[in-house]
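Each remark here refers to the structure printed beneath this line.
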Amino acid sequence: MKLPVAAGLATAAVSITLYPLFNGGAWFWASLGVVLVTTAVGVVASRLATPRWLAPLAMLVAQGLYLTAGFARQEAWLSVIPTKDSVLRLGELIASGYDDIQRFAAPVPSNPGISLLTGGGVGLIAVLVDLFAVRLRRAALAGLPLLALFTVPAAVITDPIGWPAFVIAALGYVGLLVADGRERLSHWGRAVLVRRSRVGGTGTAPDTGRLALSGKRIGVTAIALAILLPALLPTLAPNPLFGFGVGNGLGPGGNNIGIPDAIAKLGGQLNQQRNATVLTYTSSDDQPRYLRIYSLDLFDGRKWTPSALRGRPEDRVSAGPLPPAPGLGPGVAVKRAETRITISEDIDQLRFLPLPYPATQVDADGDWRADRATLMVFSTRDEAAGLEYRVATGEPQPTVAQLDAAVSPPGSGRFLDLPPGLDGQVRAMAVRVTRGAATPYQKAVKLQEWFTHSGKFTYSLRTTGSGGDALSRFVLTGRSGYCEQFASAMAVMARMLGIPARVSIGYTGGTKIGKSWVVRTHDAHAWPELYFAGVGWLRFEPTPTGGAGQGTAQVPPYTVPVTPTANPTTGSSAGPSSGAGDTSDHPGGPARRNPRQLDRDFGGVPVIPDPGLPVAAKGGIGAGTLLLLALIPALLRLLFWYGRRRVLARVTAARPATVRVPAPRAPETSGELPRDVTVRAIPRDPSAYAARAVEAAWAELCDTLTDFGMPRNPSESPRAVARRLTEQYELDAEAAASIRTIASAEERLRYAPTPLDAGPVAADVRRVRRALAATVSKRRRVGAALAPRSTLLRLRALGEKALDGFDRLENIRVRTARRDDHVRELTRR
Amino acid sequence: MAATPDVTDAGSRLEELVETAHRIRRAIESVIEGKSDVVRLTLTVLLAEGHLLIEDVPGVGKTMLAKALARSIDCPVRRVQFTPDLLPSDITGVSAYNQQTREFEFKPGPVFANIVVGDEINRASPKTQSALLECMEEHQVTVDGVTYQLESPFMVIATQNPIEMEGTYPLPEAQRDRFTAKIAMGYPEPAAELEMLDVHGASQPLDKLEPVATTAEVHALIQAVRAVYVSQPVKRYAIDMVAATRHSSDLRLGASPRATLHLVRSARAHAALSGRDYVIPDDLQDLAVPVLSHRLLPSMEAQGQRRHPEQVVAELVRRIPVPDAK
Chain S
163 MKLPVAAGLA TAAVSITLYP LFNGGAWFWA SLGVVLVTTA VGVVASRLAT PRWLAPLAML
223 VAQGLYLTAG FARQEAWLSV IPTKDSVLRL GELIASGYDD IQRFAAPVPS NPGISLLTGG
283 GVGLIAVLVD LFAVRLRRAA LAGLPLLALF TVPAAVITDP IGWPAFVIAA LGYVGLLVAD
343 GRERLSHWGR AVLVRRSRVG GTGTAPDTGR LALSGKRIGV TAIALAILLP ALLPTLAPNP
403 LFGFGVGNGL GPGGNNIGIP DAIAKLGGQL NQQRNATVLT YTSSDDQPRY LRIYSLDLFD
463 GRKWTPSALR GRPEDRVSAG PLPPAPGLGP GVAVKRAETR ITISEDIDQL RFLPLPYPAT
523 QVDADGDWRA DRATLMVFST RDEAAGLEYR VATGEPQPTV AQLDAAVSPP GSGRFLDLPP
583 GLDGQVRAMA VRVTRGAATP YQKAVKLQEW FTHSGKFTYS LRTTGSGGDA LSRFVLTGRS
643 GYCEQFASAM AVMARMLGIP ARVSIGYTGG TKIGKSWVVR THDAHAWPEL YFAGVGWLRF
703 EPTPTGGAGQ GTAQVPPYTV PVTPTANPTT GSSAGPSSGA GDTSDHPGGP ARRNPRQLDR
763 DFGGVPVIPD PGLPVAAKGG IGAGTLLLLA LIPALLRLLF WYGRRRVLAR VTAARPATVR
823 VPAPRAPETS GELPRDVTVR AIPRDPSAYA ARAVEAAWAE LCDTLTDFGM PRNPSESPRA
883 VARRLTEQYE LDAEAAASIR TIASAEERLR YAPTPLDAGP VAADVRRVRR ALAATVSKRR
943 RVGAALAPRS TLLRLRALGE KALDGFDRLE NIRVRTARRD DHVRELTRR
Chain L
125 MAATPDVTDA GSRLEELVET AHRIRRAIES VIEGKSDVVR LTLTVLLAEG HLLIEDVPGV
185 GKTMLAKALA RSIDCPVRRV QFTPDLLPSD ITGVSAYNQQ TREFEFKPGP VFANIVVGDE
245 INRASPKTQS ALLECMEEHQ VTVDGVTYQL ESPFMVIATQ NPIEMEGTYP LPEAQRDRFT
305 AKIAMGYPEP AAELEMLDVH GASQPLDKLE PVATTAEVHA LIQAVRAVYV SQPVKRYAID
365 MVAATRHSSD LRLGASPRAT LHLVRSARAH AALSGRDYVI PDDLQDLAVP VLSHRLLPSM
425 EAQGQRRHPE QVVAELVRRI PVPDAK
């Protein structure tokens, strides 16, 4: 294969891995066309031996022509030659494609703009690959642009790339390297073979076929390892190769769920200017309810993120009621209600269900699972778009006395964690505004009161950020923000006061239209939830509500101060219309909120469903598994020895008493075995057992020699081996007798008409091994036990057999080709 | 081992063989000092019904070895000194006209003996050489249309002087092939030479040598050797060895099928002399060089590198794996 062709193939192969980024295949054909054009130019340039710098330029020009013909044919002259109009058209397409990419989360529709951008990008990569591999003859370096292309899908989407795509991409690169090796070699001479040589052809051209074979062998082995090894090792994500799904409980592919992705979809799919409907619902008591999607409980000083989710198979919502709401005690009255929710068809990639909290039962089609800790309901398989589902809720209706009685439970540390380095003044402020409050509940109420009234906060969408600095600014000086800042600030300050807190993301109850409630994009909201022992998580609402605040936000009744110690503005926030009196420079209106702002600070945390174990344990398991894998040869070796010992033991058991065989005269000095040795007679008819025992003893001896690194010449007969070992390692009389017994039994088995009149026993083998072990270094002994060479060689032989099979495939092809050559030769005559 | 009478018989025959062979060896070694390997090989060839070519410089005991062997067996031994003017009839015998009986009477030549020592065989003309070689192969002599069977055992021990090449007719390959083995006596060790001085200085030990075995006994030994078992893997191993000489790039001429036959036959004798009733690869390995190398012609390259066929064969033997199992 010519090098430019290999370069083109490599680029095309790697570009296949972009598939998860797109819906539809137009992008692929565009990219393929660009690669073909580039490759054709590369081939021609190589043939004409043009200067190195010319080929990339020619390729870029050819790509320009091709893309003009493909995307701006109407405006071009003769459909191909770019004109001013065609260039403008391409520019428009690029702009719209760029806009789409910004707007949509992957997979993006494969419209002309995006196809053009993709084709152009792949084309640039193709030029770079050709430049490195063909013009500069640095094929390995061409891996860098290919890698860049390969990392695009890896960086954009959280789903792993399918292994077939990886194999194709890797084979493409291997093909490029092999082609480079062949071409390089053909300038030098004959191939240096990696493995066994066959009689080569006599042609004048060097035979690079075998080098290619070696390259392919190495490549195939590496790729097979790259795929199989991760599949064998325990992974952080569920098994990426086969999605049998039972064990990990998350269905095929082990998809991760990316919250940022989902939020981006939520916002990004909807027109930013349009206040689109997200969902509608009806409830049994006709009351609006906040619909929570995500619950974020980790604050790192910059942003709130969720803990890892666990979606166990037994927590499927179809399997029955949801897990009980955390912390809700039996003594608290519960208001039961049922809500029927219909998600808009336009919502894409939403894999979490918006639910009122706390849901007790969810009736939805598909594989939806509840996270026990947060009661978030999600799926790795199904999407919420167009879904209709029923939710039963049991909202706690605690009395003031119950709330006052609640103390922060021990063990709620996760919900009290705050990063170091937070502004101390914020803490001081939290303490100051809650001064006089006796219980956590009263503190929480005072805090909310401060946010909504006494703190003189204003609602503004201009504020950004909810991190440490932004928090100080918001609480101490600016006091202006929107739900994100309010929710974050209140949760942080509650934690400072020792009240477990978290931030929820979702929607407010929306607006009632007709009989149902309609929730729109502008109802996207964030709010804090505080935990009270015996009652569980309770929603608070620090964000200003009503026209000058979050339009449809509602203050929960239990957060309104009713005790005599409460703030004088009692009852002022009882409904959506409350919150008046706060100043706001933002009049309410449909276009005032940008829902996309919500996801700004929650980016970058993929939620891994059911990770099972802490990282340290996983690392331990990983290391343990690696160790086990490394010890497989040692275990196999032990198994071999165990099997052989059993065979030997059976023979010993079946054998009559030891007899002394009278020896004829010990004949010569040339190392003949002395016959006058005590041997153990075997029953008259040589059973298969006995033969197997002799073979087992001999095999064990050979393996022992291999393990200890004592080479054995294949031309040495058993007798010669025994003699040499005895002399070379100066074995004592007992060991020498044992090794002779083993060798002579093997010799008779192989060459004598009546094989067995004596046989070795396990003790002989053990004695010889001990004697031999005593002659080698300790390091060698340990090596023989942990990584026995005999087994490693066996495994290698097995691998070679597999590769031989691979060779055979190769040979089929080669032979056909040769036949073709022959036919061509004949027809030429 | 099944203790059938046959096997027991074979076992006792083997013991007898070892015993007899040992006696003969001791007898020969009382004359030839420090050459046990050569003596053993000579016995091996005798029991394998083959012929031996001894190539060495004069005075190392070639003839002495032959004579000692003959003397210890108590069988007729004839010695032929090969010279350029030796005629075939000088070896095979002639039909002479008996005036009294008025008939042609056959006068048997020196070849009619159990052991024939052909001294400096390369000095005779090819015609005479071939007369001897025919006897060796056929174990018979045909004179004037009458065929005379030779004695059994019949063994030719020919000697050759590699130094003086003037006026000699070196044995062609085809004729060398008739000899089962070729050995070089080699100079004795200093200690052995010293002892030789002591012993041979005063008297001729050959004179004192009494026969230790009869022709009939040797005949029985040969029969016992024929019964030695050669397993299929070992046969294949022998073929591998011979085939390797045919494919070696160091050799211009490989060994013949007759060589295979000789190799296995002498391996049988070798095994029997070791007290074994079956042949093992070690027997073949021990015999490969003496049995094969004199039949081979080195290639020009090997000659250029001064690599002798002996070295080539030894290397080949080291490279061929021994057979594993049946």
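As they're listed, the protein sequences go chains S and L.
For the record, in the first sequence the residue sitting at position 495 is 657 according to my numbering, with numbers rising by one throughout.
For the record, in the second sequence the residue sitting at position 280 is 404 according to my numbering, with numbers rising by one throughout.
The beta-carbon is built from N, C-alpha and C at its ideal position, and this holds for glycine as well.
**Item:** Residues of the segment 340-370 of chain L with Cβ closer than 7 Å to any Cβ of chain S, in chain order
**Value:** 353, 355, 357 and 358
Top-ranked residue by Cα proximity to residue 563 of chain S, from S/533, S/656 and S/694 | S/694
Under a CB-based cut-off of 8 Å, is residue 404 of chain L close to chain S? yes
* Asked: Where residue 202 of chain L and residue 179 of chain L are concerned, what is the direct C-alpha to C-alpha distance, given to the nearest angstrom?
  -> 19 Å
Distance between beta carbons of residue 175 of chain L and residue 280 of chain L, contact taken as under 8 Å
4 Å
### Task
Measure from the C-beta of residue 448 of chain L to each C-beta in chain S and report whether the shortest distance is under 8 Å.
yes
- Query: For the segment 154-170 of chain L, which residues have a beta carbon sitting closer than 9 Å to at least one beta carbon of chain S?
  - Reply: 160, 161 and 164
Using a C-beta cutoff of 8 Å, does residue 265 of chain L count as contacting chain S?
no
Problem - Own chain residues within Cβ distance below 8 Å of residue 227 of chain L, not counting five before or after - result: 221
Is residue 909 of chain S close to chain L, meaning its C-beta is less than 8 Å from at least one C-beta of that chain? yes
Item to check | When S/166, S/196, S/857 and S/195 are compared against residue 210 of chain S, the one with the closest alpha-carbon | outcome: S/166
- Query: Going along the segment 861-890 of chain S in order, which residues come within less than 9 Å of chain L, judged by CB to CB distance?
  - Reply: 875, 876, 877, 878, 879, 880, 881 and 882
Please tell me whether residue 955 of chain S has its Cβ less than 8 Å away from any Cβ of chain L. no
(message) Looking only at its chain, what residues have a beta carbon closer than 6 Å to the beta carbon of residue 699 of chain S, apart from the 5 residues adjacent to it on each side?
(response) 691 and 693
request  = Kindly list, in the order they appear in chain S, the residues whose Cβ is closer than 8 Å to that of residue 442 of chain L.
outcome  = 875 and 877
What is the DSSP secondary structure of residue 997 of chain S, counted as helix, strand or coil? The requested residue 997 of chain S does not occur in the structure, where chain S is confined to residues 163 to 991.
Cross-chain neighbours of residue 335 of chain S in chain L, by beta carbon under 8 Å:
Within 8 Å Cβ-Cβ: nothing; residue 335 of chain S doesn't reach chain L, min ~41 Å.
**Request:** Within 10 angstroms of the Cβ of residue 239 of chain S, are there 16 or more other Cβ atoms? Answer buried if so, exposed if not.
**Result:** exposed
Would you identify the three-state DSSP class for residue 680 of chain S, choosing helix, strand or coil? strand
Note to self: Could you check whether the segment 525-533 of chain S touches the segment 467-487 of chain S, counting it as contact only if at least three pairs of C-beta atoms, one from each stretch, sit closer than 8 Å?
What the structure shows: yes
Other residues of its chain near residue 342 of chain L: CB distance less than 6 Å, five sequence neighbours each side excluded
197 and 277
>> Within a Cβ cutoff of 6 Å, which residues of the same chain sit near residue 183 of chain L, ignoring the five residues on either side of it in sequence?
In response: none
Problem - Per-residue DSSP class, three states only, for residue 444 of chain L - result: coil
- prompt: Expressed to the nearest angstrom, what Euclidean distance is found between the alpha-carbon atoms of residue 287 of chain S and residue 579 of chain S?
  reply: 47 Å
Check whether chain L comes within 8 Å of residue 898 of chain S, counting only Cβ atoms and requiring the distance to be less than that.
no
Original post:
How big is the Cα-Cα spacing for residue 299 of chain S and residue 342 of chain S?
Top reply: 8 Å
Looking at the strands, I want to know which residues DSSP matches up with residue 177 of chain L. L/282 and L/306
Endpoints, the alpha helix (DSSP H) within which residue 288 of chain S is located: 274-292
- Item | Cα-Cα separation, residue 496 of chain S to residue 557 of chain S | 5 Å
### Cross-strand partners of residue 243 of chain L (DSSP beta bridge)
L/205
- Excluding five sequence neighbours on each side, which residues of the same chain lie with their C-beta closer than 6 Å to the C-beta of residue 273 of chain L? 264
- request: For the segment 634-674 of chain S, list the beta strand (DSSP E) runs that are entirely contained and at least 3 residues long, ordered along the chain.
  value: 663-669
* Could you give the distance in angstroms between the alpha-carbon of residue 297 of chain L and the alpha-carbon of residue 419 of chain L? -> 6 Å
From the beta carbon of residue 312 of chain L, is the nearest beta carbon of chain S less than 8 Å away?
no
Next item on the list: Consider the Cβ of residue 912 of chain S: report whether some Cβ of chain L lies at a distance smaller than 8 Å.
Entry: yes
Worksheet item: residue 949 of chain S and residue 796 of chain S look like a contact to me (Cβ under 8 Å); what is the Cβ gap, rounded to whole Å?
Response: 7 Å
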